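Numbering (the numbering used here), first residue to last: 12 to 186.
Just so you know, even glycine gets a beta-carbon here, dropped at the ideal spot from N, CA and C.
Model, not experiment: these values are computed from the prediction.
Data first, discussion second: the structure below is written as structure tokens.
Structure (structure tokens):
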């Protein structure tokens, strides 16, 4: 798996075109419910991010373009959860995206937002760099601990990942 540096943009924050350049895109058929005309054509989408080997898949829609879009979003979220960029928390400054989205110490971003995977990736980078001290990470990001916890909680897998790491370090679980 490719190692990312703090100066490289996180792959979850790349434009669709830039991210797709690093992906192998496959379309196929899958079985399951949906009626006699479901997947008579190759509408299921699978995107493999070649530098990391991570895969995003979707097959629940009847149109190839819609499944590709859903698979790309799933891949972005997986990249946000799994790929860490090493950062120095003492020298860290929030990205332009983070500062533009932040309103005071609030962070109004929903899990369906186009920016969510990039913001989750940045939050996870800082949380990991701060050894899962979410309050300290929130201070570095310029938001409250509850705002940062809410951002992470929007993605169940990321939230579980943070809680498992906190427990292994003797820290209480986030609620």
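Between residue 141 and residue 134, the C-beta gap is not smaller than 8 Å, which leaves the two residues out of contact. Within the model, the alpha-carbon separation for residue 111 versus residue 158 is close to 15 Å.
Cα atoms of residue 72 and residue 27: separation of roughly 19 Å, rounded to the nearest angstrom. The shortest CA-to-CA distance from residue 20 to any of 98, 179, 102 is the one to 98.
A straight-line Cα-Cα distance of about 30 Å links residue 94 and residue 74. Counted as a single uninterrupted DSSP element, the alpha helix (DSSP H) harbouring residue 179 occupies residues 167-179. Taking 8 Å as the cut-off, the beta carbon of residue 30 is found closer than this to the beta carbon of residue 83. Straight-line spacing of the CA atoms in residue 181 and residue 105 works out to 28 Å. Counting only runs that start and end inside the stretch 62-126, the alpha helix (DSSP H) elements of at least 4 residues fall at 75-93, 107-112. Judged by DSSP secondary structure, residue 37 falls within the beta strand (DSSP E) whose first and last residues are 34-39.
Looking from the CA of residue 132, the closest CA among 90, 108, 65 belongs to 90.
For the pair residue 108 and residue 129, the CB atoms are nearer than the 8 Å cut-off. In this structure, the beta-carbon distance from residue 55 to residue 40 falls below 8 Å.
Under the 10 Å beta carbon count, residue 179 is surrounded by fewer than 16 other beta carbons and is classified as exposed.
Under the three-state reduction of DSSP output, residue 182 falls in the coil class, being neither helix nor strand.
When 165, 168, 145 are compared, the shortest CA-CA separation from residue 177 is found for 145.
The three-state secondary structure of residue 53, taken from DSSP, is coil.
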